[in-house]
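In the working numbering, the protein residues as written are 2 to 291.
Ideal Cβ positions, reconstructed from N, Cα and C, are used throughout, including at glycine.
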């Protein structure tokens with residue numbers, strides 16, 4: 002059995018926050034014209050909220066670009082996904098929360114033209130980012146395919162995020178990134194590590210130059226890099242993820258050996274986790290759906 006998910010990762014520079022969405026719609030249409038088999042289109046972090054200038058001015062522009070989830074931007078993006086008939090992950094946007102918060106929020110739109118999920122970045126890159134942290138992990142079911150989890154940029158540096166998403170049943174972790182600094186090399190290691198220790202696909206799509214450092218990639222559930230941009234130039238990476246590979250790796254083990262999700266038996270004693278004021282309960286260890 003196979004559960005294919007054809008994806009297109011759009012490594013591109015951010016679009017100015019003041020630009021109309023019609024230009025973005027044209028971009029997505031061109032991607033699908035080139036790669037018509039695509040079912041999921043993914044863009045980088047803050048792709049639709051590009052700002053320039055000193056940090057204080059940039060923050061002001063981000064605040065000005067922020068809209069609530071029931072605002073016109075979300076409605077237009079939902080219509081675009083419905084018109085194109087694809088799963089559209091347009092990166093993240095500046096979201097104005099119900100109490101005036103400024104969130105960095107990933108959006109997911111269904112082929113039926115609805116907002117299917119949203120995820121607010123749990124770990125803003127402090128002290129450099131002005132966002133209010135989110136308060137929950139988010140996964141999304143793609144019917145007849147599998148479950149996707151969301152992690153935004155710096156979230157990847159916190160192993161708790163990928164672990165919880167995998168435990169919630171995610172078979173793919175989508176990681177939109179806007180890395181402009183020298184630590185992209187470390188992020189590539191983290192993408193592979195998070196894939197290996199959770200036996201999931203990791204899809205990390207970064208902003209292109211001259212703003213971002215690029216090097217987007219797809220990693221399989223055993224940590225192998227399937228496809229990768231070699232530099233920061235604008236490009237589109239395509240791949241077909243077979244989500245049954247997650248089932249295979251978890252059943253037979255990474256390299257035919259390591260089955261971390263089968264580590265415990267119900268007879269094992271719980272392990273205290275003092276950092277979290279909690280514990281690891283062997284009876285709750287397996288991912289949802291397994």
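Residue 14 places its beta carbon 8 Å or farther from that of residue 201. Straight across, the Cα-Cα distance linking residue 257 with residue 249 is about 10 Å. The three-state reading of DSSP puts residue 139 in coil, since its state is none of H, G, I, E or B. Taken through DSSP and simplified to helix, strand or coil, residue 30 comes out as helix. By the 16-neighbour rule on beta-carbons within 10 angstroms, residue 94 is buried. Here residue 174 is actually not in contact with residue 186; their C-beta atoms are around 20 Å apart, not less than 8 Å. Straight through space, the alpha carbons of residue 50 and residue 63 are spaced by roughly 7 Å. Secondary structure note for residue 83: it is in no beta strand (DSSP E), and the uninterrupted alpha helix (DSSP H) holding it is 73 to 85. Under DSSP, the beta-bridge partners assigned to residue 97 are 103. Residue pairing by DSSP puts residue 202 in a beta bridge opposite 173. Annotated as proximal: residue 134 and residue 122, with beta-carbon spacing under 8 Å. Distances from the CA of residue 206 to each of 189, 10, 6 were compared; the closest alpha carbon is that of 10. Distances from the CA of residue 276 to each of 284, 161, 209, 112 were compared; the closest alpha carbon is that of 161. Take residue 245, set aside five residues on each side of it, and the residues of its chain with a beta-carbon closer than 8 Å to its own are 2, 3, 4, in chain order.
Looking at 43, 80, 104, 82, the one whose alpha-carbon comes closest to that of residue 69 is 104. Here residue 43 is near residue 204, since their CB atoms are less than 8 Å apart.
In the structure shown, residue 7 falls within a strand segment according to DSSP collapsed to helix, strand and coil. A direct Cα-to-Cα measurement between residue 284 and residue 247 gives close to 21 Å. Rounded to whole angstroms, the Cβ separation of residue 89 and residue 29 is 7 Å, and the two are in contact under 8 Å. Collapsing the DSSP output to three states places residue 279 in a strand.
According to DSSP, residue pairing for residue 68 in a beta bridge involves 96. Out of 24, 153, 136, 142, the CA that lies nearest to the CA of residue 41 is found in 142. Within the region 220 to 282, the complete beta strand (DSSP E) runs of at least 3 residues fall at 226 to 229, 236 to 243, 272 to 274, 279 to 281. Residue 100 places its beta carbon 8 Å or farther from that of residue 119. If you look at residue 48, you'll find it isn't in any alpha helix (DSSP H); DSSP assigns it neither H nor E. In this model, residue 169 and residue 137 are separated by some 12 Å (Cα to Cα).
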